[in-house]
Amino acid sequence: MTESNASATGPQIPAHVPPELVRDVDFYQITVGDDPQRDFKERFAGDPAIFYIPRTARDPQWGNWVITRREDILAVMQDPQTFSSRHIAGFDRALGGEEWLAYPVEIDPPDHTKFRALLNPLFAPARIKALEASMRAHTVGVIEAIVDAGEVDFQAVASELPAGIFSHLLGISIDETLAVMGNVRRILHSGYDQIARKAGLEWLMAFEQELIKRREHERGDDLISIVLDARVDGRPLTEKEIFGLFFFFLLAGLDTVAGALGLHFRHLAIDVPLRRRLVSDPSAIPDAIEELLRRYSQITTNRFVTRGVEFRGVSLRKGDNLILSLPLANLDDEVFSDPLAVDVDRQQSPHIAFGAGLHRCIGSNIARQQLRITYEEWLKRIPDFRLTPGAEVQAICSEALVLKNLPLSWAVMGLESTNDSPSHS
Ligand code: HEM
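The letter at position 338 of the sequence shown is residue 337 when you use numbering that gives the first Met the number 0, and the numbering goes up by one with no holes.
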């Protein structure tokens with residue numbers, strides 16, 4: 000982590016930024032422990048709803064505004080004319096060389112609608128539902144392979160689970176999907192190490208080229224086949240557009256589901272009453288998933304300002320970058336009572352863990368389905384489990400706030416039973 004003395008060596012603070020709103024902290028590199036969302040909430044509890052940070056390890060060349068309130072983030076996400084998504088992720092900056100965009104997340108209207116529509120066939124509700132049996136079979140296979148071990152790094156297991164659905168959506172083998180995931184993690188979890196990120200990006204580019212060659216001979220109903228046959232404004236997609244779609248599809252989907260699973264299962268390991276309730280009444284699982292998606296939101300995204308505008312009493316200039324923290328938005332005291340508590344029976348929970356507006360997550364139903372199947376199949380086979388005593392749970396802070404490892408243990412049939420750790424919420 001680095002809460003660096005950025006102002007001493009970083010970019011100049013622009014004249015339109017009031018000095019009292021400057022905070023000397025790298026938002027993407029905060030020190031967090033086993034409950035990273037709680038640590039984040041506590042770290043920024045005394046800060047104003049909008050503040051300015053001079054530099055981040057992700058984008059050392061410019062400063063950023065940070066906004067943390069749900070209503071403000073919603074307003075920004077719902078106004079793409081003023082707050083553009085173009086180049087927000089900037090993975091091409093990490094790779095160097097030519098400029099390219101991640102589709103559709105880095106595209107503004109009107110083009111956004113055209114590219115997002117290309118993905119719709121893959122995400123049609125009937126198709127997702129039809130995949131439930133194969134997702135379940137894959138999930139059961141992964142769980143049964145470890146059930147007799149009595150302990151596991153659950154975060155590693157969580158990374159294997161989405162491989163079932165992604166191998167289907169990409170039309171590739173599970174082993175290939177796992178190799179893809181390894182490279183996605185090199186990009187996302189390298190702590191902004193440019194060499195590791197570049198190596199991961201280059202691997203994915205080479206893999207995509209090879210996949211395109213395969214599909215040129217034989218089409219399926221997978222992502223690459225769809226984009227090879229697609230037309231936008233009557234023309235085929237360019238190489239860069241195809242890579243941008245392929246690349247973001249992997250980045251957005253593979254690691255987020257694994258991240259959510261790790262965060263949720265750490266909670267289930269320590270919240271014994273909730274876990275027992277879900278074991279005895281699996282119909283409560285969907286509500287528990289929504290509440291844990293809120294309590295443990297992981298994504299921080301951003302937008303660029305397209306014109307001078309007053310926002311919450313601050314003058315924003317064209318080109319300013321706004322960091323939008325969904326973990327903080329979903330723990331906003333003005334919207335959620337006792338936000339750090341996990342309360343499956345909340346009457347009102349308008350969380351924005353999947354974002355909002357035009358770019359709202361297209362994969363939310365796949366994510367929810369994978370989470371529900373994992374809860375159901377794990378709790379059937381391993382109803383009692385705990386954090387492995389003495390083992391340390393570590394977390395990662397970047398654009399995603401997730402766990403690095405999650406050592407869990409449980410009693411194996413015929414051996415002595417586990418003592419549950421104390422209840423906690
Ligand atoms: C728990 C799991 C997930 C979380 C928390 C999550 C979160 C998000 C968020 C917050 C955004 C909006 C980003 C922004 O507005 O800047 C987003 C967009 C997106 N997500 Fe997800 N996501 C998850 C799973 C998935 C999955 C499984 C897929 C694909 C199979 C996926 C594909 C996408 C795509 C393609 C976009 C861009 C949509 C657009 O720009 O129109 N996500 N996701």
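A virtual CB, placed ideally from N, CA and C, is assigned to each residue, including glycine.
What are the boundary residues of the alpha helix (DSSP H) that Ser158 is part of? For Ser158, the enclosing alpha helix (DSSP H) starts and ends at Phe153 to Glu159.
The alpha helix (DSSP H) spanning Ser296 covers which residue range? Note, Ser296: premise wrong, no alpha helix (DSSP H); not H, not E.
Counting C-beta neighbours from all protein chains within 10 Å, is the total for Asn182 16 or more, i.e. buried, or is it exposed? For Asn182, the number of other beta carbons within 10 angstroms of its own is at least 16, and it is reported as buried.
Evaluate the contact criterion for the region 120-130 versus the region 331-342: three or more CB pairs, one atom per stretch, below 8 Å. Result no; under three Cβ-Cβ pairs closer than 8 Å.
Mind the definition here: the region 320-332 touches the region 291-300 only if three or more C-beta pairs lie below 8 Å; say whether that holds. Because the criterion of three Cβ pairs below 8 Å is met, the region 320-332 and the region 291-300 touch.
Helix, strand or coil: which one does DSSP assign to Val183? Of the three classes helix, strand and coil, the one that applies to Val183 here is helix, per DSSP.
Tell me whether Gly362 is buried or exposed, calling it buried when 16 or more other Cβ atoms sit within 10 Å of its Cβ. With 16 or more Cβ atoms within 10 Å of its Cβ, Gly362 is classed as buried.
Under the criterion of a Cβ to heavy atom distance below 7 Å, does Met76 qualify as lining the ligand HEM? The nearest non-hydrogen atom of the ligand HEM is less than 7 Å from the C-beta of Met76.
Can you find at least 3 beta carbon pairs, one from the region 52-63 and one from the region 25-40, that sit closer than 8 Å? Note that the region 52-63 touches the region 25-40; at least 3 beta-carbon pairs, one per stretch, sit closer than 8 Å.
Could you give the first and the last residue of the continuous alpha helix (DSSP H) run that contains Phe242? Under the DSSP assignment, Phe242 falls in the alpha helix (DSSP H) whose first and last residues are Glu238 to Ile269.
I'd like the ranges of any alpha helix (DSSP H) spanning at least 4 consecutive residues and lying wholly in the region 106-159. DSSP runs (the alpha helix (DSSP H)) wholly in the region 106-159: 110-122, 124-129, 131-143 and 153-159.
Could you give the residue range of the alpha helix (DSSP H) that holds Val226? Run containing Val226: Leu222 to Asp228, per the alpha helix (DSSP H) assignment.
Keeping to the same chain, check which residues put their C-beta closer than 7 Å to that of Tyr102; ignore five residues upstream and five downstream. Here Tyr102 has Phe114, Glu240, Gly243, Leu244 and Phe247 as same chain residues with Cβ atoms under 7 Å from its own Cβ, once five neighbours each way along the sequence are excluded.
Own chain, CB closer than 6 Å to Glu398, minus 5 neighbours either side, in chain order: Annotation for Glu398: Thr299 place their beta carbon closer than 6 Å to its own, counting only its chain and skipping 5 residues before and after.
Any idea if Ala7 is buried or exposed, counting beta-carbon neighbours within 10 angstroms, 16 or more meaning buried? The predicted position of Ala7 is uncertain, since its pLDDT is 47 and thus under 50; a value taken from the coordinates is nonetheless stated next. Per the 10 Å Cβ criterion, exposed.
Taking 8 Å as the threshold (C-beta atoms), are Thr67 and Ala48 in contact? Result yes, Cβ atoms of Ala48 and Thr67 sit closer than 8 Å.
When you measure from the CB of His358 to every non-hydrogen atom of the ligand HEM, does any distance come out below 7 Å? At least one heavy atom of the ligand HEM lies closer than 7 Å to the C-beta of His358.
Near the ligand HEM: Val179 beta-carbon under 7 Å from a heavy atom: No.
In the structure shown, what three-state DSSP assignment does Ile66 receive? Note: Ile66 maps to strand in three-state DSSP.
Report the rounded CA-to-CA distance for Thr138 versus Pro406, giving the unit in angstroms. In this structure, the straight-line span from the alpha carbon of Thr138 to that of Pro406 is close to 19 Å.
Nearest residue (CA-CA) to Val278, options Gly219, Phe384 and Arg213: Ranking Gly219, Phe384 and Arg213 by CA distance to the CA of Val278 puts Phe384 first.
Residue range of the unbroken alpha helix (DSSP H) whose run includes Pro326: Unbroken alpha helix (DSSP H) run through Pro326: Leu325 to Ala328.
DSSP three-state assignment for Ser408, whether helix, strand or coil: Ser408 falls in the strand class under three-state DSSP.
Give a single yes or no on whether Gln60 has its beta carbon closer than 7 Å to a heavy atom of the ligand HEM. No, the ligand HEM has no heavy atom inside 7 Å of this Cβ.
Taking its Cβ as the centre, do 16 or more other Cβ atoms sit within 10 Å of Asn4, making it buried, or is it exposed? Legend: pLDDT at Asn4 = 36, less than 50; position of this residue unreliable, value from coordinates given subsequently. Under this definition Asn4 is an exposed residue.
Could you check whether Glu375 and Ile288 sit closer than 8 Å to each other, using their CB atoms as the reference points? Going by C-beta atoms, Ile288 is not nearer than 8 Å to Glu375.
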